[in-house]
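For the record, in the sequence shown the residue sitting at position 362 is 362 according to UniProt numbering, with numbers rising by one throughout. We put the beta carbon where it would ideally sit given N, CA and C, even for glycine. Small disclaimer: the values here were computed from a predicted structure and weren't measured. Here the structure is laid out as structure tokens; the discussion comes afterwards.
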Amino acid sequence: MVADDVAHLPLIRRYQAWIEPDGGVSEDARELFYSAGMIVLDTNVLLDLYRYTPEAREEVLEALKRVAGRLWMPYQVGLEFVRGRNKVIHDRTRLLSAVAQQVRHGFDQAWQDIASALAQVKQLLADHANDRAGQQELDELINQESFRKLTAPWMKELISRAEQIKDSQDIQLKSLVAGPDSVLHQVAELYEDRIGEPPSNADLQQRVEKAARFRYPNRIPPGFADSAKGTDLAAAGDFLLWEEVVRRASDLPAPRRVLFVSSDAKEDWYEPSTPGRRKQPWPHLFEEMRRRSQAELLLVRPQDFFRDVREYLNADIAQSTVEEIEKAAGARGDEDWTATVLAEQRARMVTPPEELLLEACRAAELPSSVVRYALSGTGDPVFKWWLIGATAALDLRQLTNEELSVDLSAAVVSDTPPDDTWVGGEVFSPGQWPYRTSSWIAPWFVGAVKSVPLADRGSLLRLEVRRINAHSMQDENPA
1 MVADDVAHLP
11 LIRRYQAWIE
21 PDGGVSEDAR
31 ELFYSAGMIV
41 LDTNVLLDLY
51 RYTPEAREEV
61 LEALKRVAGR
71 LWMPYQVGLE
81 FVRGRNKVIH
91 DRTRLLSAVA
101 QQVRHGFDQA
111 WQDIASALAQ
121 VKQLLADHAN
131 DRAGQQELDE
141 LINQESFRKL
151 TAPWMKELIS
161 RAEQIKDSQD
171 IQLKSLVAGP
181 DSVLHQVAEL
191 YEDRIGEPPS
201 NADLQQRVEK
211 AARFRYPNRI
221 PPGFADSAKG
231 TDLAAAGDFL
241 LWEEVVRRAS
251 DLPAPRRVLF
261 VSSDAKEDWY
271 EPSTPGRRKQ
281 PWPHLFEEMR
291 RRSQAELLLV
301 RPQDFFRDVR
311 EYLNADIAQS
321 TVEEIEKAAG
331 ARGDEDWTAT
341 VLAEQRARMV
351 TPPEELLLEA
361 CRAAELPSSV
371 VRYALSGTGD
381 PVFKWWLIGA
391 TAALDLRQLT
401 NEELSVDLSA
411 AVVSDTPPDD
421 TWVGGEVFSP
431 GQWPYRTSSW
441 IAPWFVGAVK
451 SVPLADRGSL
461 LRLEVRRINA
471 HSMQDENPA
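Set out below in structure tokens:
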């Protein structure tokens, strides 16, 4: 912190947000945000209510009741919340439903590895010892029947534990469609009429254009990391939210304080760490809030918010609940802006079921050369999972209840690549790819495209273009 004897100097005051961490909010002043500030919960905080266990959810909602009178919901948050809740439950249900299939597939893969090792040893016995008796003994000892008999209790226990978790979920997708949504009702009661008004068409257009034409090209936070979402409206979501908060803050009585709670830790909200300076919210956010609204800003993660509510307002929140909040937030926090890389790492660890891969190839009506590459041992596993996910996302085939949700990007429309290994869209010839000057291509997709004859490459490129366009429309109108 800046020493008191120099804090009054114009240079220090003018650039306080850039000099001091967290905009210069002291530890003593922090409590005032909880006791007297306007509190804004980002969409991800509200959607996490559907991800918590019933016990944790109850504690979180009870804690929020302590600050209910100071909660304010931007229109953009409300829109994303009511549209996004079904998808949260759907993804969670599908993930849990797919566990049994993944367990069975894991055991099948284990047997294939054992069978391969068995075949190698038997070949050695045949080639170097002419030991037919030894080969027969191995066949009698190590076979698929004995493997299944040995591992059946393990598989049964693993699947049973997974089913217990699935059965314990108290919110199911069918209940949201057919009956009342208790979480939605409780959130509505918390906020009552403290909800932002929708912007006029003229205001919406002006704000979207401001984000797309000025703020994002100049990397002014927040929201510039979303510029790859395909359309200006889809990309502008974070800025639309921010603009509402700044304008609302200017109407608060002095002294004005805004407590913003979000698990979004992408680079358009948080300045990356540098030598001597830890990762923290962008100073521009504090500076803009002060300049435009004469308000102080405190930006915190959900787990820190509820720890502080417990400390400052004596809310009854168990440590296990705080840990659950942190786990839910972490699943999207620091990983959000590198989600593509992390998805690729996970995809490389699991071999896709061949029957599912073949179904995806048929659904996309791919040429035989592409099908052969996809089914071959040389085909990249990430490419195979992308093909499965893309055909499902485009409704080219019917999803099974146990099928794991896959969302892999083979390309992104963006000014910057997800990481250094991605290559510019110019790697594809004119006429093949419509985003040559505005996109980045995953290296595994480049390899896959170049592994098939030139005449057949268009089938893969067209499929990814359709996926990008569909993803952009979903961002504008989430389910």
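For residue 147, the enclosing alpha helix (DSSP H) starts and ends at 144-168. Residue 280 has 271 as its beta-bridge partners, per DSSP. Between the segment 292-310 and the segment 247-255 there are three or more inter-stretch CB-CB distances shorter than 8 Å, so the stretches are counted as touching. Contact annotation: residue 24 and residue 258 have beta-carbon atoms that are not nearer than 9 Å. Fully enclosed alpha helix (DSSP H) runs of no fewer than 4 residues are not present anywhere in the segment 63-112.
Sixteen is the threshold: since fewer than 16 other Cβ atoms of the shown chains lie within 10 Å of the Cβ of residue 198, the residue is exposed.
By the criterion of a C-beta distance shorter than 7 Å, residue 44 is surrounded in its chain by 262, 263, 264, 332, once the five residues flanking it on both sides are discounted. When DSSP assignments are scanned along the segment 443-473, the uninterrupted stretches of alpha helix (DSSP H) that are 4 or more residues long and fall wholly within it turn out to be 443-450. With respect to residue 52, residue 321 sits close: the two C-beta atoms are nearer than 9 Å. For residue 12, the secondary structure class from DSSP, reduced to helix, strand or coil, is helix.
For residue 259, no alpha helix (DSSP H) run applies; the uninterrupted beta strand (DSSP E) run containing it begins and ends at 256-261, by DSSP.
Residue 440 carries a strand assignment under DSSP once its states are collapsed to helix, strand and coil. Taking all protein chains shown into account, residue 278 has fewer than 16 neighbouring C-beta atoms within 10 Å of its C-beta and is therefore exposed. Annotated three-state conformation of residue 411 is strand, per DSSP. Between the segment 58-69 and the segment 93-108 there are fewer than three inter-stretch CB-CB distances shorter than 8 Å, so the stretches are not counted as touching.
Annotated as distal: residue 418 and residue 433, with beta-carbon spacing of 9 Å or more.
Close CB contacts of residue 220 within its chain, under the 8 Å cut and outside five residues either way in sequence, are with 214, 284 (chain order). The residue among 260, 465, 458 with its C-alpha nearest the C-alpha of residue 394 is 465. Contact annotation, residue 410 with residue 445: C-beta distance approximately 4 Å; criterion of less than 8 Å satisfied. Residue 424 is bridged by DSSP to 440. Looking only at 325, 311, 129, 406, the smallest Cα-Cα distance to residue 54 is reached by 325. The Cβ atoms of residue 266 and residue 225 sit closer than 9 Å to each other. Residue 350 sits away from residue 452, with the two beta carbons spaced by 9 Å or more.
The DSSP-derived three-state label of residue 371 is helix. Under a 10 Å Cβ-count criterion, residue 15 is classified as exposed, with fewer than 16 other Cβ atoms of the shown protein chains found around its own Cβ.
Counting only residues of its own chain and dropping the five nearest sequence neighbours on each side, residue 399 has a CB closer than 7 Å to the CB of 392.
Secondary structure of residue 296 (DSSP, three-state): strand.
Between the C-alpha atoms of residue 186 and residue 302 there is a straight-line separation of about 18 Å. By the neighbour-count definition (other C-beta atoms within 10 Å, threshold 16), residue 27 is an exposed residue. Here the alpha carbon of residue 309 sits roughly 43 Å from the alpha carbon of residue 442. Taking the Cα positions, residue 318 is about 15 Å away from residue 312.
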